[in-house]
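J.: Before I ask anything, let me first share the structure, which is written out below as structure tokens.
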Amino acid sequence: MTSSPNPSVNAPANAHESYARYPSLAGRVVLITGGATGIGASFVEHFAAQGARVAFLDVDASAGQALADALGGSRHKPLFLHCDLTDIAALRAAIASAKAALGPIEVLVNNAANDRRHTLAEVTPESFDAGVAVNVRHQLFAVQAVVEDMKTARAGSIINLGSVSWMLKQADFPVYTMSKSAVQGLTRGLAKDLGHHGIRVNSLVPGWVMTEKQRRLWLTDEGREAIKRGQCIDAELMPEDLARMALFLAADDSRMITSQEIVVDGGWT
Ligand SMILES: NC(=O)c1ccc[n+]([C@@H]2O[C@H](COP(=O)([O-])OP(=O)(O)OC[C@H]3O[C@@H](n4cnc5c(N)ncnc54)[C@H](O)[C@@H]3O)[C@@H](O)[C@H]2O)c1
1170 MTSSPNPSVN APANAHESYA RYPSLAGRVV LITGGATGIG ASFVEHFAAQ GARVAFLDVD
1230 ASAGQALADA LGGSRHKPLF LHCDLTDIAA LRAAIASAKA ALGPIEVLVN NAANDRRHTL
1290 AEVTPESFDA GVAVNVRHQL FAVQAVVEDM KTARAGSIIN LGSVSWMLKQ ADFPVYTMSK
1350 SAVQGLTRGL AKDLGHHGIR VNSLVPGWVM TEKQRRLWLT DEGREAIKRG QCIDAELMPE
1410 DLARMALFLA ADDSRMITSQ EIVVDGGWT
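Its first residue numbered 1170, the sequence shown is counted upward by one per residue in the working numbering.
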């Protein structure tokens, strides 16, 4: 990567010591969905590095367990729970296990999704439902499963992962873009009610993040050109750029921020 006038742009991954520490996150119980790989894995790593007690759910059992083991030296080793969160009964059971192990959930990061490509013509009623189930339905049911604890505590932060894809009119996955726009509706639809209980709800909206999966499946020369044209900042957007914003949204430092869409996209939208 070329040098940049902005020292933060090309900072090495995992350089936790160069970035903010949040005392309010130490010991806090954080539940992350889809935490085994990609941006979610960076969330797990960054919250663990802040001394939070992390539970994370994922359908990818081998990557999930490997990540938990790799972070075994953290103050609190993250707890991995295998779960297909398109199965709401399984999601509820996994969240109940997380609470039994770690205590009431104080931060929920609704991260899991699947940006599988599809054309309008090939969508069936079944694939439509499956797309909604993996991209947005579980977010509401995860909130439902943690919210009573947060109400009792009169505190909590819920972070729902959105996407700039629908804002940019990106083609080739209409059920995904539809679901991701609904995430922001869900956020705003809950924020007022829950705000009265001291619970904050925000959407964290990534641009095109260079995860291993994105590079392997979707990034082409044309895509690289689109990033160059679209972003204001000429650098790759990385999972840790999202993780650092999630830390802020979970910490007490953001205590009056709710019902917002926080876009981290290098200035594309
Ligand atoms: N990567 C990007 O460029 C980008 C851009 C915009 C928005 N986002 C959003 O950010 C979030 C994370 O993105 P990512 O690129 O890391 O996603 P990803 O697809 O790489 O990873 C998502 C994680 O969710 C898990 N998962 C998928 N289906 C599951 C299921 N049914 N049950 C349990 N776990 C399941 C996967 O195993 C994986 O570990 C998503 O909400 C995504 O929509 C990502």
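Even glycine gets a Cβ: it sits at the ideal position worked out from N, Cα and C.
1. What did DSSP end up calling L1260 once you bin it into helix, strand or coil?
2. How would you label S1332, buried or exposed, when you count the other beta carbons within 10 angstroms and need 16 or more for buried?
3. Decide if the segment 1366 to 1375 is in contact with the segment 1315 to 1325; the criterion is three or more beta carbon pairs, one per stretch, under 8 Å apart.
4. Using CA atoms only, rank isn't needed, just tell me which of I1402, E1394 and A1360 is closest to I1426.
5. Here's a check: name, in chain order, each residue in its chain whose Cβ is nearer than 6 Å to the Cβ of G1272, leaving out the five neighbours to either side.
6. Is T1321 helix, strand or coil when you go by DSSP?
7. If you measure between the beta carbons of V1352 and V1278, is that distance less than 9 Å?
8. Is C1401 close to chain D, meaning its C-beta is less than 9 Å from at least one C-beta of that chain?
9. Which whole-angstrom value describes the C-beta separation of F1249 and F1225, a residue pair presumed to lie in contact below a C-beta threshold of 8 Å?
10. Using the Cβ count rule (16 or more neighbours within 10 Å means buried), how would you classify P1442?
11. Say whether the segment 1391 to 1398 touches the segment 1290 to 1304, bearing in mind that this needs 3 or more beta-carbon pairs closer than 8 Å, one atom from each stretch.
12. If you follow the beta strand (DSSP E) that D1369 is part of, which residue opens it and which one closes it?
13. Along the alpha helix (DSSP H) that carries F1417, what are the first and last residues, could you check?
14. Would you call T1438 buried or exposed, if buried means 16 or more other Cβ atoms sit within 10 Å of its Cβ?
15. Straight-line CA distance for V1228 to K1382?
16. Considering F1225, what are the terminal residues of the beta strand (DSSP E) in which it resides?
17. Pick out the complete alpha helix (DSSP H) segments inside the segment 1294 to 1360, 4 residues or longer, and give them in chain order.
18. Does the distance from the C-beta atom of S1372 to that of N1329 stay below 9 Å?
T.: Put simply:
1. Look at L1260 here: in three-state DSSP terms it is helix.
2. A buried status is given to S1332, since no fewer than 16 other beta-carbon atoms sit within 10 Å of its beta-carbon.
3. Yes: the two stretches touch, three or more of their Cβ pairs being nearer than 8 Å.
4. When each option's Cα is compared against that of I1426, the closest is A1360.
5. So the qualifying residues of the chain are V1198.
6. In this structure, T1321 counts as helix in the three-state DSSP scheme.
7. Taking C-beta atoms as the reference points, V1352 and V1278 fail to come closer than 9 Å.
8. You won't find chain D in this structure, because it holds only one protein chain.
9. Yes, F1249 and F1225 are in contact; Cβ-Cβ is about 6 Å, under 8 Å.
10. Outside the shown range of the chain (1170 to 1438) lies residue 1442, about which nothing can therefore be said.
11. The answer is no - the segment 1290 to 1304 does not touch the segment 1391 to 1398, with fewer than three Cβ pairs under 8 Å.
12. First, the amino acid is wrong: residue 1369 is Arg here, not Asp. Looking at the DSSP string, the run of the beta strand (DSSP E) that includes R1369 is I1368 to P1375.
13. That run of the alpha helix (DSSP H) goes P1408 to A1419.
14. So T1438 ends up on the exposed side.
15. Looking at the backbone, the Cα of V1228 and that of K1382 are separated by about 15 Å.
16. Taken as a continuous stretch (DSSP letters only), the beta strand (DSSP E) holding F1225 covers R1222 to D1227.
17. Whole alpha helix (DSSP H) segments, 4+ residues: 1294 to 1301 and 1307 to 1322.
18. Annotated as proximal: S1372 and N1329, with beta-carbon spacing under 9 Å.
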